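Residue numbers (the numbering used here): 240 to 508.
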């Protein structure tokens with residue numbers, strides 16, 4: 240996440256979806272008749288999404304006019320799982336957020352731990368839930384500059400974090416490598432215009448595709464991990480979003496991403 244209030248496009252978001260292999264999904268589109276203006280990838284198992292975008296074309300909450308764009312990105316968290324008999328899908332949370340709903344009014348005990356990043360042209364806020372009878376919803380506004388949100392929360396500092404040293408080390412290596420790489424390249428200006436993905440995102444695009452690292456590298460952004468017992472965890476897609484006064488731009492690619500930029504497509508909003 241990059242936040243630069245003085246830039247023509249103040250907020251840039253890179254989102255990598257990591258999931259167990261075999262969980263079926265569809266690319267971003269208008270998948271929800273009850274929210275016809277919302278766009279996002281569809282989880283075919285539970286019907287929700289990991290990232291939703293509301294373009295703000297005048298179809299805001301309650302029929303409000305002139306609402307700006309908003310996006311919401313979901314990460315699984317660590318902590319206490321919800322009771323199986325009462326559990327609700329976390330994939331409904333991004334859709335709730337982009338239509339102006341309040342997460343803090345939900346019965347959060349019915350959701351497994353999560354981090355929900357809510358993004359607008361003026362900044363981003365992370366809502367974190369760790370579950371459990373004594374759990375509380377923690378809200379944090381991300382600062383200006385580059386921020387990294389992991390399954391261990393913003394900068395890996397959530398109240399509830401993984402107990403696995405291996406997973407913690409992999410997340411730390413990923414964050415360290417890519418923070419330095421993004422800081423070293425010029426910040427792009429991906430306006431919601433007719434330019435293709437490569438011209439819009441410039442030197443950041445190869446980084447978003449994985450920076451040439453092998454899928455099993457410790458610092459891999461686009462990754463594939465085998466955790467034993469036939470469990471394979473990896474990246475299924477990469478999304479790039481830019482939010483500003485002129486609107487929102489959304490570019491998407493399935494993972495792993497080809498080196499020539501041929502896998503990227505502009506998502507129609």
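Here a beta-carbon is modelled for each residue, glycine too, at the ideal position from N, C-alpha and C.
Predicted model only: the values in this text are computed from it and were never measured.
{"query": "Per DSSP, which residues does residue 478 bridge with? Please list them.", "result": "254, 491"}
{"query": "Under 8 angstroms, do residue 278 and residue 359 count as touching if we go by C-beta distance?", "result": "no"}
{"query": "Considering only residues of the same chain and omitting the five flanking positions on each side of residue 204, which have a CB-CB separation below 6 angstroms?", "result": "Summary: the structure shown does not reach residue 204, with the chain confined to residues 240 through 508, and so no result is reported for it."}
{"query": "At the level of alpha carbons, what is the spacing between residue 303 and residue 451?", "result": "At residue 303, the pLDDT of 39 sits below 50, so the modelled position is not reliable; the number obtained from the coordinates is stated separately. Approximately 44 angstroms between the Cα atoms of the pair."}
{"query": "Please state the DSSP three-state secondary structure of residue 396.", "result": "coil"}
{"query": "For residue 418 and residue 324, what's the separation of their Cα atoms in angstroms?", "result": "40 angstroms"}
{"query": "Looking at residue 350: is its Cβ nearer than 8 angstroms to the Cβ of residue 329?", "result": "yes"}
{"query": "Using 8 angstroms as the threshold, is the C-beta distance between residue 362 and residue 381 below it?", "result": "yes"}
{"query": "For residue 427 versus residue 449, is the C-beta spacing smaller than 8 angstroms?", "result": "no"}
{"query": "Among residues of its own chain, excluding the 5 on either side of residue 348, which ones have a beta-carbon nearer than 7 angstroms to its beta-carbon?", "result": "321"}
{"query": "With a threshold of 8 angstroms, are at least 3 pairs of Cβ atoms found where one atom belongs to the region 424-439 and the other to the region 244-253?", "result": "yes"}
{"query": "Could you tell me which residues DSSP pairs with residue 500 in its beta bridges?", "result": "Partner(s): none; residue 500 has no beta bridge."}
{"query": "Which two residues bound the contiguous beta strand (DSSP E) that contains residue 465?", "result": "463-465"}
{"query": "Would you call residue 344 buried or exposed, if buried means 16 or more other Cβ atoms sit within 10 Å of its Cβ?", "result": "exposed"}
{"query": "Excluding the 5 residues preceding and the 5 following residue 500 in the sequence, name in chain order all residues of the same chain whose CB lies nearer than 7 angstroms to its CB.", "result": "436, 437, 444"}
{"query": "Under the assumption that residue 406 contacts residue 260 (Cβ atoms under 8 angstroms), give the Cβ distance between them as a whole number of angstroms.", "result": "Wrong, their Cβ atoms sit about 17 angstroms apart, outside the cutoff."}
{"query": "Quick check: residue 352 and residue 369, are their CB atoms within less than 8 angstroms of each other?", "result": "yes"}
{"query": "Return the CA-CA distance between residue 447 and residue 495, expressed in angstroms with no decimal places.", "result": "11 angstroms"}
{"query": "Quick check: the Cα distance between residue 403 and residue 416, rounded to an integer number of angstroms?", "result": "20 angstroms"}
{"query": "Going by DSSP, what residue range makes up the beta strand (DSSP E) through residue 267?", "result": "264-268"}
{"query": "Going by CA-CA distance only, name the one from 398, 372, 371 that's closest to residue 378.", "result": "398"}
{"query": "Taking the Cβ atom as the reference point for each residue, do residue 240 and residue 337 lie within a distance shorter than 8 angstroms?", "result": "no"}
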